[in-house]
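Numbering (my numbering), first residue to last: 1 to 162. Note that CB positions come from ideal geometry on N, CA and C, so glycine has one too. As the structure is a prediction and not an experimental result, all values here were calculated from the model.
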Amino acid sequence: MHATGDPLRAADGRPLSEPAGVFDGARLDEFAVRLGSVGDAEAPAEIRDRWDEALRDDLNLPAAVGHLFEFIKAFNPRLESGKASAEERAAAMAMLRHANLILDVIEFPEAVDAEVESLIAERQTARDQRDFARSDEIRKRLLGMGIQLDDTKEGTRWKRVR
């Protein structure tokens, strides 16, 4: 077998280099951020097997991505309610990493560097002391660094913005 120079194609004949409309990488990034920092784990067997089977079926990327988003949709309520255990979150992250071996679109949240971590803690102290001017100043500084904060009843969440 020899290379022809033709691009790899999905099951529908569309070149894999043209994934528009197949998935939303930003939604995957956001899900990864919401999972937070987690340890190593195995991807859940059911979704991993469905993902892999779709790819074995004539490299059916749309079906594989569909399975991934079904998994995310089913997992989101547990994540949002705070009921997802660290082990479940780690398994979900492992599935994202497994899928990203093919997709290569997810920007995984790495450990927050020391300056950002310090600023978030400083902002929380300012909020606890009801120094909202200082809290807002820190929020703006973080936003300038590409970190968006969302205050929820469960605490402050952050995500990278582009």
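- Going by beta carbons, ARG127 and LEU142 fall outside the 9 angstroms limit.
- The count of Cβ pairs closer than 8 angstroms, one atom from the stretch 94–101 and one from the stretch 129–144, stays below three, leaving the stretches out of contact.
- With the rule of 3 Cβ pairs closer than 8 angstroms, the stretch 32–52 counts as touching the stretch 98–110.
- Taking all protein chains shown into account, LEU61 has 16 or more neighbouring C-beta atoms within 10 Å of its C-beta and is therefore buried.
- Secondary structure of GLN148 (DSSP, three-state): strand.
- The alpha-carbon of GLY82 is positioned some 20 angstroms away from that of ALA43.
- Under DSSP, the beta-bridge partners assigned to GLY155 are THR152.
- GLY82: not part of any alpha helix (DSSP H); DSSP gives it neither H nor E.
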